[in-house]
Structures are given as structure tokens and as C-alpha cells.
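Below: one structure, written as C-alpha cells.
Protein chains: 2
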Amino acid sequence: MVEYGKTLRIVRKQKGITLKRLADGICSVSFLSKFERGDSDITLGLMTRLLEKLMMNFDEFLFIHHDFQPDKLEQFFKAANTAYLNRDVKQLKQLKNGQLKKWKQYGVETYQCNALLIEVYESIVDKDYIKKGVQEIDTHLLSDYLFRVEVWGYYELMLYNGTLLLLEPDMVMLLSRTAYEKSARFRNYDKVTDAITSVLFNTIIFLLGPVNRFHEEFAYQKEMTEFMGYLEAIAIPEGNLTERVLLLELKGAYSIRVGYKEEGTAKIKQAIQILQDLNSTRMANNIEQYLLQII
Amino acid sequence: MVEYGKTLRIVRKQKGITLKRLADGICSVSFLSKFERGDSDITLGLMTRLLEKLMMNFDEFLFIHHDFQPDKLEQFFKAANTAYLNRDVKQLKQLKNGQLKKWKQYGVETYQCNALLIEVYESIVDKDYIKKGVQEIDTHLLSDYLFRVEVWGYYELMLYNGTLLLLEPDMVMLLSRTAYEKSARFRNYDKVTDAITSVLFNTIIFLLGPVNRFHEEFAYQKEMTEFMGYLEAIAIPEGNLTERVLLLELKGAYSIRVGYKEEGTAKIKQAIQILQDLNSTRMANNIEQYLLQII
DNA sequence: TTCAAAAATGTCATATAGTGGAATTTTCAT
DNA sequence: ATGAAAATTCCACTATATGACATTTTTGAA
Chain D
1 MVEYGKTLRI
11 VRKQKGITLK
21 RLADGICSVS
31 FLSKFERGDS
41 DITLGLMTRL
51 LEKLMMNFDE
61 FLFIHHDFQP
71 DKLEQFFKAA
81 NTAYLNRDVK
91 QLKQLKNGQL
101 KKWKQYGVET
111 YQCNALLIEV
121 YESIVDKDYI
131 KKGVQEIDTH
141 LLSDYLFRVE
151 VWGYYELMLY
161 NGTLLLLEPD
171 MVMLLSRTAY
181 EKSARFRNYD
191 KVTDAITSVL
201 FNTIIFLLGP
211 VNRFHEEFAY
221 QKEMTEFMGY
231 LEAIAIPEGN
241 LTERVLLLEL
251 KGAYSIRVGY
261 KEEGTAKIKQ
271 AIQILQDLNS
281 TRMANNIEQY
291 LLQII
Chain R
1 MVEYGKTLRI
11 VRKQKGITLK
21 RLADGICSVS
31 FLSKFERGDS
41 DITLGLMTRL
51 LEKLMMNFDE
61 FLFIHHDFQP
71 DKLEQFFKAA
81 NTAYLNRDVK
91 QLKQLKNGQL
101 KKWKQYGVET
111 YQCNALLIEV
121 YESIVDKDYI
131 KKGVQEIDTH
141 LLSDYLFRVE
151 VWGYYELMLY
161 NGTLLLLEPD
171 MVMLLSRTAY
181 EKSARFRNYD
191 KVTDAITSVL
201 FNTIIFLLGP
211 VNRFHEEFAY
221 QKEMTEFMGY
231 LEAIAIPEGN
241 LTERVLLLEL
251 KGAYSIRVGY
261 KEEGTAKIKQ
271 AIQILQDLNS
281 TRMANNIEQY
291 LLQII
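Protein sequences, first through last, are from chains D and R.
The opening residue of the first sequence carries number 1 in UniProt numbering; numbering runs sequentially from there.
The opening residue of the second sequence carries number 1 in UniProt numbering; numbering runs sequentially from there.
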């Protein structure tokens, strides 16, 4: 049994509320005591009411319960991303094995998808990685899963976001469209909206193509309009300045890609200037690097 | 009984997983079926494991369960803030009565605090509001509660954030310091970090004083340094551009407040320029208004 | 349509979630 | 320190969450 009760007791004491007062109107005092001591599990319905009375939502409670760490799903994505950014192949392999183990244990394909996500990271980071074969087979598993799911939540968006760069162009456009459409109901849930915004940005970056091909003919006019349109439909709020800067950068890159070099360069330089004004030098440098590569 | 089971069934089906597969290794098939049909409540421990297998955290699940609406606590703050911004006195009164009713029902003082928060909004919005008397007594309740709580979470920070402007200066500085210190363990929990950042910003605005007193002697040099220091300690990440713009604005206002008029004006104008570059015109206009008032 | 396999539900036994109240411990004013 | 009040734990008892297995319903290939 997971001992949520002890955490509840801690929270209750921190807020200076007595056991009796918390229990009042929800459950018996003796049961609450028993639960808090870890002698009994609790029903989801009761727990909901207790937390509501404590003015705390589940998310925050579980954050405390996990010793001030985010939930497992988020930890997984965070760990994967960190290992990727640090080019830590060993850590990536370890994470992959962890997911494969869970796959064998539970037989749920999402764990396999997770392993694949890590594998994508590995294949980018690890130069010795033999890409052929494995990849062809496995991305099918991934796209099969993503096509099958009827509503895309945080998990699906994050999974797709991490793997999109290694998929075929047609597949990316289909899946990005799907992602946008099938996550519609989450529009006013920040975490998911951030994820779908990120997917759209990555799709546009994908459409622009690798930096060394910026001189070639641009084949995705129509799609570019489509995905830019989605971004506008989401209507990045006034306060999300970061996304607005990124949008400025991408619009600039797009201008350059289709031949309007000066116009595009001006936009990107404006983005860089803003970041510098705000002392976000690392981000500014990254964009500067990117600009140098594409012109 | 709250029928979480039906939501779980919806989610499971959306992800294309069979009842048996989901139950496997966690609970019996028959029980899961019963739960999904709403014939039985479920234990918190079991639910945790089921959601983990579905790659979904509690927060997202409950969001779906509440018909794609945020949890009650967040809804309360959102509703209060909306009514406040819309100067909707009627709606504010309604919200207040709702909280008072819960207070009578449960006898938990936090509901009283919520009512007080609304009352603060009311007193600002409603010109007919008789401030004296009521206010003196009630803010005690609020500060008593806030001083008593050992760890400040999302609720306490939001509550304080909404009421700070009507408290005594000494009280504000004490409480803001407390807020910063007692929310330390949440530093890597975005929602709470955002809230504490907001508290610090509001504290600084409070220290600067009302716009019509910008010509008077500035009495809070030391405190200003202290709270600016806290903001730096939180180290607003490179990506949080919105907060960085706001910081720029406040630093400008501070410069003006202590006599460096040109320097301060330049900073604020820079902030305005950035917002205009990013088409955040409404925010830009607000700052422009503020600048006009303080110089 | 038919049939077999898979998925979901129903039945019943039992472990455990949850209650009420008495007994014990803690708190705190004097 | 001391006693009263409040908070917590213990214990006996009830309601219900959960498992094992039988039965019904759905699915989907031929």
C-alpha cells in the first residue's frame, strides 16, 4: 500500500488543522487517524473531499508526497531530455532498459514507445549507433499507437514531440495535424497547450528543413500556411513572450527560406535583440548561430 | 460517490486499451469493470497505479473528469480574478456568499479567508463599499492564518497575493519574507514558483507606493534590495521572458522613484518597445500608462 | 451468418475500508 | 506541577472494496 496518509498528516499539521476538524463532515475521526498512520488505504472519493477542504489539489499533494519531486511521467520526460542534452549515452541506455523492463512486466506498448523515444535520442547522440533496420520497424509501432489514440493528452504530445524529427515528412504532417485536432479539448489546460504549441513549432522547423538545405526549392508552402494558421488559432496569449519571440524567429527563417533574405534576417535580428535586452544571452546566441547557418 | 470510474473507462477506450490489459498486475478484471461502471469506489493506491499505466497523471485525469475544467481551487481564484477585472460587483458578492456558506458548513477558516479575499476585491471595485471596521477585524484573521501555516503552497501564495495591497506596510514586508522562505521547498514546482514570483513582484510594487506619491522620499531602500535579491535568487529562467520584461519595468520604476529619472524612463521605454515588437500591445499600453503617471 | 476468441459482466467469498464510542495521550492555562 | 479540555488511538463492529471463477456479450475473421 502507498502511504499517502502520512503525507496528509504532514500537510494537515503544516496548515494547523486538527484531525477532528478535517474529518468533520467527510469521514470519521478514527478512520482519518488510521489512514494518516498508514494502517489503511483510502477511497478516491474521500481523498478528494479531504484535499478540497485543505485547499490543495491532487497535483500539489502528490508533489509533496513524492518528496517534492514531479510525478513519474514528468520525471521520465525530464530525465530523458536531460540525458539527451548532456549527450549521456550511458544514462540513455539505462532509461531505455528501465522502460523495456516495464514493458515486459506489464505488456503495455506505451512502455515500448518510451523505449523508442530514448532510442531516437540515442541515435542522434551516439555516433556508433547503427540506425538502419531497427528504426524502420520501430517507428511503425510509434505511429500505429499515435494514430490509434482518439484523444491526445500530455503523454502523446510529448512522445510525438520527441520523435518527430526522425519520421518521414508525410507522416509528420499527418501526425502533426492529428495532434492539433485530437488535443482540441485541452485548449485551456496550460500544460497540454504548451505541448501542442511546441509540437507546432517543431513541425515548422521540420518543414523548413535542415540548415544545409536552405538554398533548395521550398516544397511545403501549403503546409507551412496550414501550421502557421494553427498557431494563430491557438492565439498565443499576450503574456507568452517566449513563444512570441520564437514565432518571430521562425517567421524570419521562413522568409529567408522562400527567398526574402533581408526581410527574414531583420526579423531574426529583432528576436535576437529582444533576448539580449532581457539578458537571455544563451537563447540569443543559439538563434544567432542558427541565423549564421541559414544565410 | 464520485464516479471517477466512468471517466477512467473513457480514457482507457480513447487509448485503445482493454479492461483486462489495464487491470493486469494491478487489480482483478471484475473489480475494474465494476469500478468503471460506477458500482464501486476505488482505493487511492490502486488508482495511482492504473493512471501510471495509462501514462496520465492525476491532474490531467481530473481535468478530463471535470469536463475539461480546472480543479475547484483554481476555478475559485480564476472566477474571483475575472469578476474583479470585470468590476462585476454582483458576481463578487455571489462568490463571497458561496465561500461563507462553506465556512458555516465546514467551520474551516480558509473559507473565511476566501470570503475576505473577495471582500478586498469588492472594496476596490465597489465605490459604495464601507471600508472601515470590517476590514480592520478581518485582515487579522488572514494574517493569523498565514503566520500560522508552516509551509506555504499554492493556496497561501494566491490568497496573500490577492490581499497584500490592503495590508499595513510592516505586515506586508513580514509576510512577503515569510512567503519567500516558507515556500522554498516548492522551488522546482512551476505553479508555485510562478506564484511566489508574482508575490515578490507585487511586494516591490507595494514598496514603490501609489503613483501619486512618487515624488515623496523613498523609505524602503533596504527592503527593496532584499526583495530584488529574492527575485534574483529564484533566478528567473532565461525562457521566462514575461517575468524578465516585468523586472525591467520595475527596475525602471525604482530608478525613477529614487531620483534617476532618465535612466528609469529609458528602462521602462525599453520594456514597452519589446512588448510592441512582439505585438503585445495591451501590455505595452498598460506600462505606458504607468510611466505617464509616475513621471 | 456462423463460430471461436476476446472482452466485459455477474456471483459470491473475504479482506479491508470506514464507523462509533471508550480509553489514552497531549496540550496548555493557571 | 496539575487538571480540564482537546486531540489521538484502540477496539469491536458494519459496509464495501477486491479477487476467483462462472457466465454473458462483443468482436471479427471466414
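Heads up, the beta-carbon is just placed ideally off N, CA and C, and yes, glycines get one too.
How about residue i and residue j: are their beta carbons less than 8 Å apart?
{"i": "L207 (chain D)", "j": "E223 (chain D)", "result": "yes"}
{"i": "R49 (chain D)", "j": "G5 (chain D)", "result": "no"}
{"i": "D59 (chain R)", "j": "F186 (chain D)", "result": "no"}
{"i": "L46 (chain R)", "j": "C27 (chain R)", "result": "yes"}
{"i": "L44 (chain D)", "j": "D41 (chain R)", "result": "yes"}
{"i": "I118 (chain D)", "j": "L95 (chain D)", "result": "yes"}
{"i": "residue 297 (chain D)", "j": "I274 (chain R)", "result": "Residue 297 (chain D) is absent from the model: chain D starts at 1 and stops at 295."}
{"i": "L175 (chain R)", "j": "Y154 (chain R)", "result": "no"}
{"i": "A284 (chain R)", "j": "Q276 (chain R)", "result": "yes"}
{"i": "T203 (chain D)", "j": "V172 (chain D)", "result": "yes"}
{"i": "I256 (chain D)", "j": "F227 (chain D)", "result": "no"}
{"i": "L73 (chain D)", "j": "C113 (chain D)", "result": "no"}
{"i": "I295 (chain D)", "j": "K261 (chain D)", "result": "yes"}
{"i": "V199 (chain R)", "j": "T163 (chain R)", "result": "no"}
{"i": "D126 (chain R)", "j": "V89 (chain R)", "result": "yes"}
Quick one: does residue i have its CB under 8 Å from some CB of chain R?
{"i": "T7 (chain D)", "result": "no"}
{"i": "Q14 (chain D)", "result": "yes"}
{"i": "D59 (chain D)", "result": "yes"}
{"i": "G45 (chain D)", "result": "yes"}
{"i": "T110 (chain D)", "result": "yes"}
{"i": "G259 (chain D)", "result": "no"}
{"i": "Q270 (chain D)", "result": "yes"}
{"i": "E150 (chain D)", "result": "yes"}
{"i": "G133 (chain D)", "result": "With a pLDDT of only 47 at G133 (chain D), under 50, the local geometry of the prediction cannot be trusted, and the value read off the model is given with reservation. Closer than 8 Å: no."}
{"i": "I204 (chain D)", "result": "no"}
{"i": "residue 331 (chain D)", "result": "As shown, chain D starts at 1 and ends at 295. That puts residue 331 (chain D) outside it, with no answer to give."}
{"i": "Y155 (chain D)", "result": "yes"}
{"i": "T4 (chain D)", "result": "A small fix is needed here, since residue 4 (chain D) is Tyr in this sequence, not Thr. For Y4 (chain D), the answer is yes, since a Cβ of chain R falls inside 8 Å of its Cβ."}
{"i": "I274 (chain D)", "result": "yes"}
{"i": "R37 (chain D)", "result": "no"}
{"i": "residue 299 (chain D)", "result": "Lying outside 1 to 295, the shown extent of chain D, residue 299 (chain D) is not represented and no answer is given."}
{"i": "K96 (chain D)", "result": "no"}
By DSSP's criteria, residue i is part of a beta bridge. Which residues make up the other side?
{"i": "T43 (chain D)", "result": "R:T43"}
Give the residues of chain R in contact with residue i, contact being defined as C-beta atoms less than 8 Å apart.
{"i": "R245 (chain D)", "result": "The displayed chain sequence assigns Val, not Arg, to residue 245 (chain D). Neighbours of V245 (chain D) on chain R, chain order: L241, L278."}
{"i": "D194 (chain D)", "result": "Chain R residues near D194 (chain D): none, gap ~10 Å exceeds 8 Å."}
So, is the C-beta of residue i closer than 8 Å to a C-beta in chain D?
{"i": "Q289 (chain R)", "result": "no"}
{"i": "F68 (chain R)", "result": "yes"}
{"i": "E52 (chain R)", "result": "yes"}
{"i": "F31 (chain R)", "result": "no"}
{"i": "I42 (chain R)", "result": "yes"}
{"i": "F186 (chain R)", "result": "yes"}
Please compile the residues from chain R whose C-beta is within a distance smaller than 7 Å of the C-beta of residue i.
{"i": "E238 (chain D)", "result": "S280, R282, M283"}
{"i": "D71 (chain D)", "result": "N57"}
{"i": "F63 (chain D)", "result": "Y189"}
What does residue i touch in chain R if you count any residue whose Cβ is under 9 Å from its own?
{"i": "L250 (chain D)", "result": "Near L250 (chain D) there are no residues of chain R at all, since even the closest Cβ is about 13 Å away, more than 9 Å."}
With respect to 7 Å, is the separation between the Cβ of residue i and the closest non-hydrogen atom of the ligand FAD below this value?
{"i": "D144 (chain R)", "result": "You won't find the ligand FAD in this model; it holds no ligand whatsoever."}
Just the chain D side, please: which residues come within less than 8 Å of residue i by C-beta, in chain order?
{"i": "R177 (chain R)", "result": "Ordered by position in chain D, no residue passes the 8 Å Cβ test against R177 (chain R), which lies about 18 Å from the chain."}
{"i": "G25 (chain R)", "result": "Q105, Y106"}
Determine the chain D residues that contact residue i at a beta-carbon separation under 7 Å, and present them in chain order.
{"i": "G229 (chain R)", "result": "Simply none; closest approach about 17 Å."}
Exercise. Three or more C-beta pairs closer than 8 Å, one from the region 6-17 of chain R and one from the region 267-279 of chain D: is that the case here?
Worked result: no
Problem set entry | Validate contact between the region 271-289 of chain R and the region 226-243 of chain D using beta carbons, cut 8 Å, 3 pairs | yes
Exercise. Three or more beta-carbon pairs under 8 Å between the region 58-75 of chain R and the region 184-199 of chain D, yes or no?
Worked result: yes
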